[in-house]
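A.B. asks: Under the working numbering, the first residue of the sequence shown carries the number 19, and numbering increases by one thereafter. Glycine residues also receive a C-beta, built at the ideal position from the N, C-alpha and C atoms. The structure is given below, and queries will be raised subsequently.
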Amino acid sequence: MALALAAVLVGASAACGGGGKSNGAGGGSGRRAEVNTKAPLFTTRDLNGNKVALKDFRGNLVVLNFWASWCIPCRKEFPLLAEADKLDRVAVLGVVFNDTESNAKKFMAENGGTWPGLKDDGSIAKAYRVGPGIPATIVIGSGGLVLVRHIGELRSLADIRPGPTTTTTTTAES
Numbered sequence: 019m020a021l022a023l024a025a026v027l028v029g030a031s032a033a034c035g036g037g038g039k040s041n042g043a044g045g046g047s048g049r050r051a052e053v054n055t056k057a058p059l060f061t062t063r064d065l066n067g068n069k070v071a072l073k074d075f076r077g078n079l080v081v082l083n084f085w086a087s088w089c090i091p092c093r094k095e096f097p098l099l100a101e102a103d104k105l106d107r108v109a110v111l112g113v114v115f116n117d118t119e120s121n122a123k124k125f126m127a128e129n130g131g132t133w134p135g136l137k138d139d140g141s142i143a144k145a146y147r148v149g150p151g152i153p154a155t156i157v158i159g160s161g162g163l164v165l166v167r168h169i170g171e172l173r174s175l176a177d178i179r180p181g182p183t184t185t186t187t188t189t190a191e192s
């Protein structure tokens, strides 16, 4: 199933072209992400202090997940994100939402999170229209288009597969 999903995700993302300009250092571009629109570009720091820019992941399918260590549904979906992160040409980026750096870093280390945990001053969440409820997962195609918005806990990798209905909401308390 994982290989089939990877093929579908990569194939769908390859079909989406596009350019776009970075807004420079820090925050989102001011546009709000909807399915089939350009993903707002951002530059931030990860939990280790390294600079991370969304544009650097162009050519990959990006799974942008907004999460917190205290959020039970976020904790439950963490193994699925780990599975997605192992797929070829897929990059998982975890945006830390209303959590402390130390708690987020500790949770990722204890649970095998190998993808970047990103610091957010609130501008990335605002640009992607995330909050107050989490988790929220945005899938961005290799060409920079938003392919999927999933609000709530991921229950399978199929939840982030582009398809006819790409905006989904699940009810899960965080």
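#1: Evaluate contact between the segment 146-165 and the segment 107-126, counting only Cβ atoms and requiring at least three cross-stretch pairs below 8 Å.
#2: Provide the residue(s) that pair with Ala71 in DSSP beta bridges, ordered along the chain.
#3: When we look at the beta-carbon of Pro58 and count the other beta-carbons within 10 Å, is it buried (16 or more) or exposed?
#4: Quick one, are the C-beta atoms of Gly140 and Gly112 less than 7 Å apart?
#5: Mapping the DSSP letters down to three states, classify Phe115 as helix, strand or coil.
#6: Quick check: the segment 64-75 against the segment 94-102, are there 3 or more CB pairs under 8 Å?
#7: If we call anything under 7 Å between Cβ atoms a contact, is Val53 one with Arg167?
#8: Check the DSSP bridge columns for Leu163 and list the partner residues they point to.
#9: Can you grab the Cα-Cα spacing for the pair Ser87 / Gly161, in whole Å?
C.D. replies: Walking through what the data contain:
#1: Contact between the segment 146-165 and the segment 107-126 is established, with three or more Cβ pairs separated by less than 8 Å.
#2: As DSSP reads the structure, Ala71 sits in a beta bridge with Thr61.
#3: It is buried - the Cβ of Pro58 has at least 16 other Cβ atoms within 10 Å.
#4: Not closer than 7 Å, so no.
#5: Reduced to three states, the DSSP call for Phe115 is coil.
#6: In the pairwise beta carbon analysis, the segment 64-75 is classified as not touching the segment 94-102: fewer than three pairs are separated by under 8 Å.
#7: It is a contact, given that the beta carbons lie within the stated cut-off.
#8: DSSP, once it has assigned bridges, lists Lys56 as partnering Leu163.
#9: Straight-line Cα distance between these residues: approximately 31 Å.
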